[in-house]
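Colleague: One structure coming up, written as structure tokens, with questions to follow.
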Amino acid sequence: MKKIIVFAIAIFAISCQQNKIGYVDNVKLMDGYAEKVDVEAKFKTKVDALTKKRDSISQAFQLELQAFQTKAQKMSQKNAQEEYGLLQQRGQFVGQQLQQEEQQLQQGSQVEMDSLVNKVKKEIQAYGKANGYTYILGGGDGGAVLYGEDAQNLTDEVLKILNDNYKK
1 MKKIIVFAIA IFAISCQQNK IGYVDNVKLM DGYAEKVDVE AKFKTKVDAL
51 TKKRDSISQA FQLELQAFQT KAQKMSQKNA QEEYGLLQQR GQFVGQQLQQ
101 EEQQLQQGSQ VEMDSLVNKV KKEIQAYGKA NGYTYILGGG DGGAVLYGED
151 AQNLTDEVLK ILNDNYKK
């Protein structure tokens with residue numbers, strides 16, 4: 001009989017344990033993460049450089065096209081068409097190269113951002129395990145938390161850990 005009572009009390013005690021739940025504001029967390037800011041700045045610099053390159057190539061091509069139009073008036077129609085065709089091919093080739101560079105830049109950016117998101121998730125998991133949380137939910141835009149008490153908001157704590165680890 002004593003064993004049954006002890007067993008019932010143990011079951012009751014286990015079932016009464018509270019789940020420890022917290023949440024983070026994903027948007028605030030990522031916007032405040034120094035490494036993410038640095039990655040975005042790095043890729044913005046690369047995008048700006050690619051834009052300048054595209055603009056200068058485009059401007060040079062426009063000048064070449066204008067020079068050709070002046071020159072074409074003095075050429076036979078057949079020669080003008082051949083040269084115009086070559087000019088078009090070169091323009092398409094340069095355009096394709098620039099497009100490939102842009103795609104590579106976007107892919108590189110996406111890979112780094114995905115890596116960053118995984119790093120943040122791992123840090124949140126480690127924080128949750130270290131502090132006895134059963135669940136840590138994601139809030140902010142598109143998050144699962146529609147309401148949460150400020151006491152359960154772990155964003156600033158996790159953000160501090162992430163930024164401290166990044167500075168090392």
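Residue numbers (full-length UniProt numbering): 1 to 168.
In this text, a Cβ means the ideal position worked out from N, Cα and C, and glycines have one as well.
This one's a predicted model, so the numbers in the text were calculated from it and none came from an experiment.
#1: Can you check whether the CB of I57 is closer than 8 Å to the CB of G135?
#2: Answer yes if the segment 83-90 comes into contact with the segment 121-136, meaning at least three C-beta pairs across the two stretches below 8 Å, and no otherwise.
#3: Does G143 come out as helix, strand or coil in the three-state DSSP assignment?
#4: Identify which residue in M30, R54, K44 has its Cα closest to the Cα of L98.
#5: With DSSP run on the structure shown, which of helix, strand or coil describes residue 176?
#6: Is the Cβ-Cβ distance between V24 and L105 less than 8 Å?
#7: Is Y147 buried or exposed, if buried means 16 or more other CB atoms sit within 10 Å of its CB?
#8: For V120 versus Y33, is the C-beta distance shorter than 8 Å?
#9: Going by C-alpha distance, which of D48, N19, Q59 is nearest E101?
#10: If I'm right that N19 touches G139 with Cβ under 8 Å, what's the distance once you round it to whole angstroms?
#11: Checking the sheet assignment: what are the DSSP bridge partners for L137?
#12: I4 to K160, Cα distance in whole Å?
#13: Mark L162 as exposed unless 16 or more other C-beta atoms lie within 10 angstroms of its C-beta, in which case mark it buried.
Modeller: Short version:
#1: Strictly speaking, residue 135 in this sequence is Tyr, with Gly absent from that position. The answer is no: Cβ separation not under 8 Å.
#2: Put simply, the segment 121-136 does not touch the segment 83-90. Fewer than three CB pairs are less than 8 Å apart.
#3: Three-state DSSP puts G143 in coil, outside helix and strand.
#4: Measuring from the Cα of L98, the nearest candidate turns out to be R54.
#5: Lying before the first or after the last residue shown, residue 176 is absent from the chain, which here runs from 1 to 168.
#6: Cβ distance not < 8 Å, so V24 and L105 don't count as in contact.
#7: With fewer than 16 Cβ atoms within 10 Å of its Cβ, Y147 is classed as exposed.
#8: Remark: C-beta atoms of V120 and Y33 approach each other more closely than 8 Å.
#9: Closest in alpha carbon position to E101, among D48, N19, Q59, is D48.
#10: Under the criterion of beta carbons closer than 8 Å, N19 and G139 do not qualify as touching, at roughly 17 Å.
#11: The bridge partners DSSP lists for L137 are Y23.
#12: Approximately 49 Å, taken between the alpha carbons.
#13: Per the 10 Å Cβ criterion, buried.
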